[in-house]
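Heads up, the thing below is written out as structure tokens.
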Amino acid sequence: MYVRVTPGRIPQALRHISDIYHHFDPSATFKYDFLDENFSRQYAAERKQGTLLLIFTALTIIIACLGLFGLVTFSIGQRTREIGIRKVLGASVPGIVLLVSKDLIKPVVLSVLISTPLTWYAMHQWLQSFAYRVGINVWIFLAAGGVAVVIAILTVSGRASLAARANPVKSLRID
Numbered sequence: 001m002y003v004r005v006t007p008g009r010i011p012q013a014l015r016h017i018s019d020i021y022h023h024f025d026p027s028a029t030f031k032y033d034f035l036d037e038n039f040s041r042q043y044a045a046e047r048k049q050g051t052l053l054l055i056f057t058a059l060t061i062i063i064a065c066l067g068l069f070g071l072v073t074f075s076i077g078q079r080t081r082e083i084g085i086r087k088v089l090g091a092s093v094p095g096i097v098l099l100v101s102k103d104l105i106k107p108v109v110l111s112v113l114i115s116t117p118l119t120w121y122a123m124h125q126w127l128q129s130f131a132y133r134v135g136i137n138v139w140i141f142l143a144a145g146g147v148a149v150v151i152a153i154l155t156v157s158g159r160a161s162l163a164a165r166a167n168p169v170k171s172l173r174i175d
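Its first residue numbered 1, the sequence shown is counted upward by one per residue in our numbering.
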């Protein structure tokens, strides 16, 4: 049975409901729960799952940035002389950063394009288990993809700008 109780009069209401309950069934014990506590217990697993997903998402982003940083460092190591020659011939720092970055940003954009429909399907299936659910908007996927690309650009361009600002004489002397 559900009973609406005035928030300031909960103890008096519980005593009154208990008296009425014992009037009809004196041998039974009166047990009660508050609806908000029931909902809280019901969705505790989802809150815990959300916290775990947030932690693993942060770890995944950090590991991906480290991998991308390593890939940039390797790529710059392979192209040190090319970068030095381009600098000597008058290439600008933004031009060199763009040259190094464009090949490494393409896989990030491709991964966003591949993961978007898979993520939409997984979210759609997960939300079907809830009685009250929100719709999945396109802007969520655009924002997530945009954030992923921005993080990749910051990771790649930071390391690439260091290589572009290096002294070209030192890079041409490397054997």
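Using N, Cα and C, we set each Cβ at its ideal position, and we do this for glycine too.
Considering only their Cβ atoms, is the gap separating residue j from residue i smaller than 8 angstroms?
i    : j    : result
V108 : V149 : yes
L59  : T155 : no
S161 : V93  : yes
I83  : I153 : no
L172 : R86  : no
I96  : A164 : yes
H22  : F30  : yes
I151 : C65  : yes
Alpha carbons only, please: which of the options is nearest the one belonging to residue i?
i    : options                 : result
V88  : V169, I63 and A163      : V169
Y2   : D33, S115 and F24       : D33
G146 : N167, A164 and L113     : L113
R159 : S18, P7, L98 and T6     : L98
V5   : A28, D36, T119 and T116 : D36
What does the Cβ neighbour count give for residue i, buried or exposed, with the cut at 16 atoms within 10 Å?
i    : result
I20  : exposed
V138 : exposed
V100 : buried
I10  : exposed
I136 : exposed
Using only the alpha-carbon positions, how far apart do residue i and residue j sit?
i    : j    : result
A91  : A143 : 33 angstroms
A13  : Y43  : 27 angstroms
L110 : G70  : 19 angstroms
I17  : F39  : 22 angstroms
P26  : G8   : 28 angstroms
How do the stretch 115-129 and the stretch 47-61 stand: do at least 3 beta-carbon pairs fall below 8 angstroms, yes or no?
no
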